[in-house]
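Keeping their order, the protein sequence lines are chains B and R.
Sequential numbering from 1 applies to the first sequence in this note's numbering.
Sequential numbering from 1 applies to the second sequence in this note's numbering.
Each residue gets a CB set at the ideal place from its N, CA and C atoms; glycine is no exception.
From a predicted model like this one, the values you see are computed outputs, not experimental measurements.
Take a look at the structure below.
Number of protein chains: 2
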Amino acid sequence: MGHQAPKGTRDFYPDDLAVLRYIENAWRSASINAGFQEIQGPTFEHLDLYTIKSGEGIVNELFSFKRSGGDVDYALRPEFTPTLARMAAAKGRSLAVPTKWFAISNHFRAERPQRGRLREFTQWNVDMLGIDDPAADAEIIATAIHALTALGLTSKDIVVRISHREVVVKMLKDAGVVEEQIDIALSILDKREKMTPDAFAEITSKHGLKPDVFAQFDTDLSIQHEELTSLKKELNAWGIQDWCTFDFNIVRGLAYYTGIVFEIHERSGAERAIAGGGRYNKLVEMFNGPKIPAAGFGMGDVVLSLVLKDKGLLSRGETYLSEPEVFVVSASDEGDAIIASIISELRINGIHARRSYKSTRNVGKLLTEAGKTKSRLVIILGKELKQNKVVVKNMENGEQHEILKEDLLTYINS
Amino acid sequence: MGHQAPKGTRDFYPDDLAVLRYIENAWRSASINAGFQEIQGPTFEHLDLYTIKSGEGIVNELFSFKRSGGDVDYALRPEFTPTLARMAAAKGRSLAVPTKWFAISNHFRAERPQRGRLREFTQWNVDMLGIDDPAADAEIIATAIHALTALGLTSKDIVVRISHREVVVKMLKDAGVVEEQIDIALSILDKREKMTPDAFAEITSKHGLKPDVFAQFDTDLSIQHEELTSLKKELNAWGIQDWCTFDFNIVRGLAYYTGIVFEIHERSGAERAIAGGGRYNKLVEMFNGPKIPAAGFGMGDVVLSLVLKDKGLLSRGETYLSEPEVFVVSASDEGDAIIASIISELRINGIHARRSYKSTRNVGKLLTEAGKTKSRLVIILGKELKQNKVVVKNMENGEQHEILKEDLLTYINS
Chain B
1 MGHQAPKGTR DFYPDDLAVL RYIENAWRSA SINAGFQEIQ GPTFEHLDLY TIKSGEGIVN
61 ELFSFKRSGG DVDYALRPEF TPTLARMAAA KGRSLAVPTK WFAISNHFRA ERPQRGRLRE
121 FTQWNVDMLG IDDPAADAEI IATAIHALTA LGLTSKDIVV RISHREVVVK MLKDAGVVEE
181 QIDIALSILD KREKMTPDAF AEITSKHGLK PDVFAQFDTD LSIQHEELTS LKKELNAWGI
241 QDWCTFDFNI VRGLAYYTGI VFEIHERSGA ERAIAGGGRY NKLVEMFNGP KIPAAGFGMG
301 DVVLSLVLKD KGLLSRGETY LSEPEVFVVS ASDEGDAIIA SIISELRING IHARRSYKST
361 RNVGKLLTEA GKTKSRLVII LGKELKQNKV VVKNMENGEQ HEILKEDLLT YINS
Chain R
1 MGHQAPKGTR DFYPDDLAVL RYIENAWRSA SINAGFQEIQ GPTFEHLDLY TIKSGEGIVN
61 ELFSFKRSGG DVDYALRPEF TPTLARMAAA KGRSLAVPTK WFAISNHFRA ERPQRGRLRE
121 FTQWNVDMLG IDDPAADAEI IATAIHALTA LGLTSKDIVV RISHREVVVK MLKDAGVVEE
181 QIDIALSILD KREKMTPDAF AEITSKHGLK PDVFAQFDTD LSIQHEELTS LKKELNAWGI
241 QDWCTFDFNI VRGLAYYTGI VFEIHERSGA ERAIAGGGRY NKLVEMFNGP KIPAAGFGMG
301 DVVLSLVLKD KGLLSRGETY LSEPEVFVVS ASDEGDAIIA SIISELRING IHARRSYKST
361 RNVGKLLTEA GKTKSRLVII LGKELKQNKV VVKNMENGEQ HEILKEDLLT YINS
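Following this line, the structure appears as structure tokens:
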């Protein structure tokens, strides 16, 4: 009873974690190569960090708690942006312009687990603060694309759907939606693609909204908007225009976005969004910081892993694991006596060195065991130890050499 | 209001996180070089995973919660061992012998924050399952020492204090402690070093225990115990005898230890334990798994960081940050038009490339900015672009070359 991982969370055995680390490394390299620096915040925050700014969509999904006997409300972080904005606000005017930060952290949503959505997941966040220009939005999007490229994806697999809050609001108003209903209309538009036609009909009629208010967003539109025109130019400059499209179905659920918003999807639309982001120029200020414009995105590991798997871009987990440089086996009493000291010296010198824990002295069996680990070299501690020598077998070409025990480290490093 | 990190948690700005990553890298390398493979579990577990096995000491410090409207009790993980034992139990008989796992994860204790103790911290766990032999305990301890060595610590700075539950219990019984009071006596012994003499006197008298029951543990003792004699031989074989001492003051607070236990301390005793661990041969079985002997330790980042700082073994955080290979500046209209495409091409080819976001075309100022980033090369997009060329300045030796734009990538990689 109770002895399994909580619903919607994961146990990562070595093969599973190797895949996650492979993805995280692609994220980290893309971030660092683009001049972003890594930050991290607490796994839980004060509850009001989310209730005030993120909007209903996220607040309903929070895991919240108090300390036993305490009266402060906390919540496991459902997303990273509020933490980042809080940290930026705390730095105030001392924040460099631009400030380029990324984070790779676990997040939590208390929702029903389903394909692409878990209760705990890992998310990559990339944010640029201090520059209010579509050039910054383009650089953010390019950084996401560079990571996806490193993972083997192309513009044939992936589309970045770009929209703008102002344009969507103007379209809704032009279609007759009154000011008081804009928020609910945005929320319906945001969820429409994930709804059944019946559920959609029900919610629109419930709020007295005509369905054709939303139908307009499906038509191919060439809206004139200064920031979008400028962004289009920048996407061309970055050479990522093939990955990007303008699509006013996209609004993003979070309350704090102020301008350009985007989602990254698998092109067929079969999965949930791989990433989502946009410009949030007022959030740092809302946390009592100075006026600092900002834009960023979050990319989760769950949908991305599904897409990579579907496209055959993930190998078996074990292929991402580190293989030993050296495997040490003992085939003599003298070997048993010094195997620990040999291994200790190799490891302390930064060499990945494993050993057999079997009590057999059958060198054939021991070499088979070494072979399974894909070790580059095997060191055999045998009768040659009487001449103070060990046998080193190269597993790639099968060559064997007798080496003085003292020369082992030099030999391995050469 | 509420716009700061929760009490006892930390915001890691880039300089701070760089230090943590430096420590984590030492942990990860030592683990991988010793043939351990990384695993990870959920950040929260079912509450009963801890209430059943870990003992009072940890249960009082749990952050626990339910999902809103749900009835399942969860707790943020205070330690890793129960997760690891649960994961091992789930594999049952298919688990390899030995199984060598490590994890680097954040953990949570709802206690009063103080020097060396926070409410959220990062912990390295190293565990070997399947071998019930002091040789395994020695390899575990050696792995901890290899990581500490990589961080610059020596046996002059650090001591591994080794004890054995059986020996301590026998000593208590020989001193007249009755069976029913063994658990409370162990708990007092475990906390004694952190107590004031008054608090110690109060708790011993409260439980009717004579203080001299505990005084005996301070005397230099040469207890005869088969496992400890065997461990001593193994510590010599690993060449780590100078780091280790037998010390029966050590019992470890956790209920699941069954044999050898140890703590790693700064030698002067000024700080809390850097690490703690031991043998827990019955825990996997308690989680409905097969009988699998196991031993391991956990090492937190908080005390270790304090010790490294005190000994002058940590540089300023920024020195651990990645420096750019290339810094690109534009000093012409032609440069402005192509800077994004140049940077995009470099980054997509895995090169750490930054740019100036300043609107100035003063090359002197731009070079000063580049110099601050410690970039190896600066690419200047100037009037030479009319001949399809860019200027590359080597910031180490000051040399400048004009390169055809098309040859830039080849030039940088050479």
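What residues are listed by DSSP as bridge partners for B/F297?
The count along the first sequence starts at 1 and reaches residue 297 of chain B at position 297. In the DSSP output, where bridge partners are listed per residue, B/F297 has B/V126 and B/G277.
B/K389 - partner residues in DSSP beta bridges
One-based indexing of the first sequence puts residue 389 of chain B at position 389. In DSSP, B/K389 forms a bridge with B/L404.
Cutoff 7 angstroms: R/E111 Cβ touching any chain B Cβ:
Position 111 of the second sequence holds residue 111 of chain R. Cβ-Cβ to chain B under 7 angstroms: no for R/E111.
With 7 angstroms as the C-beta to C-beta threshold (strictly closer), list the residues of the stretch 346-364 of chain B near chain R in chain order.
R347, I348, G350, I351, H352, A353, R354 and Y357
Contacting residues, own chain, Cβ-Cβ under 7 angstroms from R/A353 (five flanking each side not counted)
As a first step, residue 353 of chain R is located in the second sequence; it is residue number 353 there, counting from the start. Answer for R/A353: P324, E325, V326, V328, I343, L346 and R347, listed in chain order.
Would you list, in sequence order, the uninterrupted alpha helix (DSSP H) runs of no fewer than 4 residues that lie entirely inside the stretch 38-75 of chain R?
48-51 and 56-59
Taking C-beta pairs closer than 9 angstroms, name the residues in chain R that B/G477 reaches, listed in chain order.
Outside the shown range of chain B (1 to 414) lies residue 477 of chain B, about which nothing can therefore be said.
Please classify R/M1 as buried or exposed, where buried requires at least 16 other C-beta atoms within 10 Å of its C-beta.
Position 1 of the second sequence holds residue 1 of chain R. Confidence in R/M1 is poor, its pLDDT being 43 and thus under 50, which makes the residue's placement unreliable; the coordinate value appears in the next sentence. When all chains shown are included, R/M1 counts as exposed.
Do R/G277 and R/G296 have their beta-carbon atoms positioned less than 7 angstroms apart in this structure?
Residue 296 of chain R sits at position 296 when you count from the first residue of the second sequence. Residue 277 of chain R sits at position 277 when you count from the first residue of the second sequence. Contact: yes.
Quick check on R/I23 - is its C-beta less than 7 angstroms from some C-beta in chain B?
Within the second sequence, numbered from 1, the residue matching residue 23 of chain R stands at position 23. R/I23 does not count as touching chain B.
Chain-ordered neighbours of R/Y74 on chain D, where CB pairs are closer than 7 angstroms
No chain D appears in the structure shown, which is made up of the protein chains B and R.
State the DSSP-derived secondary structure class of B/H107, mapped to helix, strand or coil.
Along the first sequence, one-based indexing puts residue 107 of chain B at 107. Correct three-state label for B/H107: strand.
Pull up the distance between the alpha-carbon of B/T99 and that of B/P82, whole angstroms please.
Residue mapping note: residue 99 of chain B aligns to position 99 of the first sequence, counting from 1. Residue mapping note: residue 82 of chain B aligns to position 82 of the first sequence, counting from 1. The alpha-carbon atoms of B/T99 and B/P82 are separated by roughly 16 angstroms.
Using 8 angstroms for Cβ pairs, my map puts R/A18 next to R/G335. What's the rounded Cβ distance?
Sequence index remark: in the second sequence, residue 18 of chain R carries index 18 (1-based). Sequence index remark: in the second sequence, residue 335 of chain R carries index 335 (1-based). Between R/G335 and R/A18 the Cβ distance is about 32 angstroms, and since that is not below 8 angstroms, they are no contact.
In the DSSP assignment, what residue or residues form a beta bridge with R/F102?
Start at 1 with the first residue of the second sequence, and residue 102 of chain R comes out as number 102. Paired residues: R/E38 and R/V126.
Assign R/G2 to one of three DSSP states: helix, strand, or coil.
Here the question's residue 2 of chain R lines up with position 2 in the second sequence. Per-residue confidence for R/G2 stands at a pLDDT of 44, beneath the threshold of 50, marking its modelled position as unreliable; the derived number appears in the next sentence. DSSP places R/G2 in coil when its eight states are reduced to three.
Quick check on the DSSP output: the beta strand (DSSP E) that includes B/R161 runs from which residue to which?
Within the first sequence, the letter at position 161 stands for residue 161 of chain B. I158 to H164 is the extent of the beta strand (DSSP E) around B/R161.
3 or more residues per run - each beta strand (DSSP E) lying fully within the stretch 221-261 of chain B
244-246
Could you tell me how far apart the beta carbons of B/S64 and R/F65 are, in whole angstroms, since I believe they sit closer than 8 angstroms?
For the purposes of this step, residue 64 of chain B is taken as residue 64 along the first sequence, with counting starting at 1. For the purposes of this step, residue 65 of chain R is taken as residue 65 along the second sequence, with counting starting at 1. The Cβ separation is near 7 angstroms, so the contact holds.
Taking B/A75 as the reference, give the member of B/A89, B/S68 and B/V59 with the closest Cα.
Your numbering for residue 75 of chain B matches position 75 in the first sequence. Here the closest residue by C-alpha is B/V59.
Option in R/L84, R/Q37, R/L20 and R/S359 with minimal Cα separation from R/T43:
Here residue 43 of chain R refers to the residue found at position 43 of the second sequence. Nearest C-alpha to R/T43: R/L84.
Got a sec: which bits of the stretch 136-168 of chain R sit with their beta carbon under 9 angstroms from any beta carbon on chain B, in order along the chain?
A136, A138, E139, A142, T143, I145, H146, T149 and A150
Here's a check: name, in chain order, each residue in its chain whose Cβ is nearer than 6 angstroms to the Cβ of B/D190, leaving out the five neighbours to either side.
Against the first sequence, residue 190 of chain B aligns to sequence position 190. V251 and G253, listed in sequence order.
So which residues of chain R does B/I32 contact, with C-beta pairs closer than 7 angstroms?
Locating residue 32 of chain B in the first sequence gives position 32, counting from the first residue. Going along chain R in sequence order, the residues near B/I32 (Cβ under 7 angstroms) are S322 and H352.
Looking at chain R, which residues of the stretch 219-238 of chain B have a Cβ within less than 8 angstroms of any of its Cβ atoms?
E234, A237 and W238
Quick one: which chain B residues come within Cβ less than 8 angstroms of R/S29?
Within the second sequence, numbered from 1, the residue matching residue 29 of chain R stands at position 29. Within 8 angstroms Cβ-Cβ: G350.
Under 8 angstroms between beta-carbons, which chain B residues line up against R/I131? List them in chain order, please.
Working through the second sequence from its first residue, we reach residue 131 of chain R at position 131. The contacting residues are Y357.
Could you tell me whether the Cβ atoms of B/A103 and B/A26 are closer together than 7 angstroms?
Sequence index remark: in the first sequence, residue 103 of chain B carries index 103 (1-based). Sequence index remark: in the first sequence, residue 26 of chain B carries index 26 (1-based). No. Outside cutoff.
Please classify B/N397 as buried or exposed, where buried requires at least 16 other C-beta atoms within 10 Å of its C-beta.
Reading the first sequence from its first residue, position 397 is the one you call residue 397 of chain B. It counts as exposed.
Cβ neighbour criterion (16 or more within 10 Å) applied to B/H401:
To locate residue 401 of chain B, count along the first sequence from 1; it is residue 401. Looking at its Cβ environment, which holds fewer than 16 other Cβ atoms inside 10 Å, B/H401 is exposed.
Since B/I158 contacts B/R267 with CB under 8 angstroms, what's their CB separation in whole angstroms?
The residue you call residue 158 of chain B lines up with position 158 of the first sequence. The residue you call residue 267 of chain B lines up with position 267 of the first sequence. Contact flag correct, Cβ pair sits at about 6 angstroms.
At what residues does the alpha helix (DSSP H) containing B/F214 begin and finish?
Within the first sequence, residue 214 of chain B is the residue found at index 214, counting from 1. Residues D212 to A215.
Does B/S330 get closer than 7 angstroms to chain R when you measure Cβ to Cβ?
Stepping through the first sequence from its first residue, residue 330 of chain B is reached at position 330. Chain R, which has no Cβ nearer than 7 angstroms to the Cβ of B/S330, makes this no.
When you compare only the Cα positions, how much space is there between B/L381 and B/K405?
Position 381 of the first sequence, counting from 1, holds the residue named residue 381 of chain B. Position 405 of the first sequence, counting from 1, holds the residue named residue 405 of chain B. When rounded, the distance between both Cα atoms is 10 angstroms.
State the start and end residues of the unbroken alpha helix (DSSP H) segment that holds R/R272.
In the second sequence, counting from the first residue as 1, residue 272 of chain R sits at position 272. First-last for R/R272: undefined, no H or E at that position.
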